[in-house]
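Residue numbering for the sequence shown follows the UniProt record's numbering, starting at 1 and increasing by one per position.
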Amino acid sequence: MTKSGPHTYGTHNDSDVPIVDISPFTSNGNLESRKRAAQELAGKGRVNGCVGITGHGVSPELLAEAFKITKKLFDLPYGEKMKAPHPDGPTPHRGYSGTGRERGAAKTETESWDGVKKQDYEGIIDYKESYEIGSEENEVQYNIWLPEDVFPEFRPFTTKFYWELHKAAMAILKVLIESLELTESEAGSVRALHGGHDNQLRLLHYPPIGANQLENQYASRLGAHTDWSAFTMLFQDSHGGLQFLDRASGDFIDAVPQDGVLYKNIGDMFQRVSNGFYPSALHRVVVKNPGNARYSIPYFVPPSSDGVIEPQPSRVAKDGKRLYELVTFKEYSEQMFRTINMYS
Ligand SMILES: O=C(O)CCC(=O)C(=O)O
Ligand SMILES: [Fe+2]
Numbered sequence: 001m002t003k004s005g006p007h008t009y010g011t012h013n014d015s016d017v018p019i020v021d022i023s024p025f026t027s028n029g030n031l032e033s034r035k036r037a038a039q040e041l042a043g044k045g046r047v048n049g050c051v052g053i054t055g056h057g058v059s060p061e062l063l064a065e066a067f068k069i070t071k072k073l074f075d076l077p078y079g080e081k082m083k084a085p086h087p088d089g090p091t092p093h094r095g096y097s098g099t100g101r102e103r104g105a106a107k108t109e110t111e112s113w114d115g116v117k118k119q120d121y122e123g124i125i126d127y128k129e130s131y132e133i134g135s136e137e138n139e140v141q142y143n144i145w146l147p148e149d150v151f152p153e154f155r156p157f158t159t160k161f162y163w164e165l166h167k168a169a170m171a172i173l174k175v176l177i178e179s180l181e182l183t184e185s186e187a188g189s190v191r192a193l194h195g196g197h198d199n200q201l202r203l204l205h206y207p208p209i210g211a212n213q214l215e216n217q218y219a220s221r222l223g224a225h226t227d228w229s230a231f232t233m234l235f236q237d238s239h240g241g242l243q244f245l246d247r248a249s250g251d252f253i254d255a256v257p258q259d260g261v262l263y264k265n266i267g268d269m270f271q272r273v274s275n276g277f278y279p280s281a282l283h284r285v286v287v288k289n290p291g292n293a294r295y296s297i298p299y300f301v302p303p304s305s306d307g308v309i310e311p312q313p314s315r316v317a318k319d320g321k322r323l324y325e326l327v328t329f330k331e332y333s334e335q336m337f338r339t340i341n342m343y344s
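Structure representation (structure tokens):
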């Protein structure tokens, strides 16, 4: 069930997904303005686990450059891109994956969601290609690079971009922590799970879709799923297509592309940390402009792989019930990789 609205795409002033301005956290706002931004995030963000964010501090010029580099990457001949192939196993989750390699909806089939019919997700194959990049210092999830002569600017730009996005991610984490009214020591332990070396920068290209493909199950560009991260920041081009589940109605709502807005969704890990205060957002990408390619850039912010993820005690005390057992991100993601049988 897709909600169809009167949207046109491009620069747009209204959105079905609510917007929160976090500039008090990126430009030295006073305590009062920070508190207001955190309360706004709590109010809007807990409904469906997603918000648009302005005031995140990532410059438009840097983003324009990132989309330019992304397009240039995917414009390379397949044989050149395959000089940095994603390995067959799940680790490292790095390098280039061609179309048809993943099925985002497979996890959704194994879970139950109110208002979402499982059969809607059966047989949907993602029609996209991707390139995953992480911290140069992560030895387990080590980067897989194209030979330098294939695309000389690629590695320097994307590694710089990775750390710029990390700054925005840390501002968002601060707002999230403040919004949960955690104790000082809880806040410290949640921050300690996010040192920066575990994030994942993903470049995505959804090629144009032909009419016969549309009839044959490619109606979805990326099947509905939740992310496993703590949270994800998402930049998309002007074609749109990203949608989030509205939990009350069971309809999907549009994350309308707007200048200066990134979409932030809660992933499975922060749902646990917040003891369900923030739900992990079910989302998908539908076809808005089949004849056009679509580019997007998600930045996943998971906790460190061995850090213990648990509902924070002050939240549990407020809720009167602890909803989740302890887990490490490593255990959780291994289980998820098995569930969706990805890269096996
Ligand atoms: O391309 C998009 O807009 C969404 C991508 C996404 O949800 C993902 O890679 O997990
Ligand atoms: Fe996602």
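Ideal Cβ placement from N, Cα and C applies to all residues, glycine included.
Considering only the alpha carbon of each residue, which of the options lies closest to residue i?
{"i": "G195", "options": "D75, G307 and R94", "result": "G307"}
{"i": "H239", "options": "A293, K68 and N199", "result": "A293"}
{"i": "L203", "options": "P298, S27 and G43", "result": "P298"}
{"i": "G210", "options": "N289, I19 and R338", "result": "N289"}
{"i": "D75", "options": "V20, F154 and I253", "result": "F154"}
{"i": "P87", "options": "E136, Y78, I53 and E132", "result": "E132"}
{"i": "G52", "options": "K330, E325, N265 and L326", "result": "N265"}
{"i": "N199", "options": "Y96, V140 and E334", "result": "V140"}
{"i": "G95", "options": "G134, S185 and A38", "result": "G134"}
{"i": "P257", "options": "I177, Y295 and E181", "result": "Y295"}
{"i": "T328", "options": "D254, A317 and S229", "result": "S229"}
Could you check what DSSP says for residue i in three-state terms: helix, strand or coil?
{"i": "S97", "result": "strand"}
{"i": "M233", "result": "strand"}
{"i": "L203", "result": "strand"}
{"i": "N48", "result": "helix"}
{"i": "residue 353", "result": "Outside the modelled stretch of the chain, which goes from 1 to 344, sits residue 353, for which no answer is possible."}
{"i": "A306", "result": "For the record, residue 306 in the displayed sequence is Asp; it is not Ala. If DSSP states are grouped into helix, strand and coil, D306 belongs with coil."}
{"i": "Q141", "result": "coil"}
{"i": "V301", "result": "strand"}
{"i": "R272", "result": "helix"}
{"i": "S179", "result": "helix"}
{"i": "E132", "result": "strand"}
{"i": "D149", "result": "helix"}
{"i": "A293", "result": "coil"}
{"i": "I266", "result": "strand"}
{"i": "F161", "result": "helix"}
{"i": "K24", "result": "Residue 24 is actually Pro in this sequence, not Lys. In this structure, P24 counts as helix in the three-state DSSP scheme."}
{"i": "G188", "result": "helix"}
{"i": "R155", "result": "helix"}
{"i": "I172", "result": "helix"}
Does the distance from the C-beta atom of residue i to that of residue j stay below 7 Å?
{"i": "A168", "j": "H56", "result": "yes"}
{"i": "D319", "j": "N275", "result": "yes"}
{"i": "residue 427", "j": "E65", "result": "With the chain running from 1 to 344 in the structure shown, residue 427 is simply not present."}
{"i": "I309", "j": "P302", "result": "no"}
{"i": "residue 351", "j": "L222", "result": "For residue 351 there is no data in the structure shown, the boundaries of the chain being 1 and 344."}
{"i": "R34", "j": "Y278", "result": "no"}
{"i": "F270", "j": "C50", "result": "no"}
{"i": "L173", "j": "T226", "result": "no"}
{"i": "G267", "j": "S249", "result": "no"}
{"i": "residue 348", "j": "Y142", "result": "Residue 348 falls outside the range modelled here, since the chain spans only 1 to 344, and no answer is possible."}
{"i": "A38", "j": "E178", "result": "yes"}
{"i": "L193", "j": "Q312", "result": "no"}
{"i": "R48", "j": "R247", "result": "In the sequence under discussion, the amino acid at residue 48 is Asn, which differs from the Arg named in the question. Against a cut-off of 7 Å, the Cβ pair of R247 and N48 comes out as a contact."}
{"i": "V273", "j": "I22", "result": "no"}
{"i": "residue 345", "j": "S314", "result": "As displayed, the chain neither begins before 1 nor continues past 344, which places residue 345 out of reach and without an answer."}
{"i": "I144", "j": "A84", "result": "yes"}
{"i": "T99", "j": "Y127", "result": "yes"}
{"i": "T70", "j": "G260", "result": "no"}
{"i": "F300", "j": "T232", "result": "yes"}
{"i": "D251", "j": "D16", "result": "no"}
Residues surrounding ligand 1 [beta-carbon distance to nearest heavy atom under 6 Å]
Listed by chain position, these are R202, L204, L222, D227, L234, Q236, L242, H283, V285, S296 and P298.
Taking only runs of the alpha helix (DSSP H) that begin and end inside the stretch 308-344, which ones reach a length of at least 4 residues, in chain order?
313-319 and 329-340, all fully within the stretch 308-344.
Scan the stretch 29-79 and note each continuous beta strand (DSSP E) run of 3 residues or more that stays entirely inside, going in chain order.
Counting whole runs of 3 or more residues, the stretch 29-79 contains the beta strand (DSSP E) stretches 50-54.
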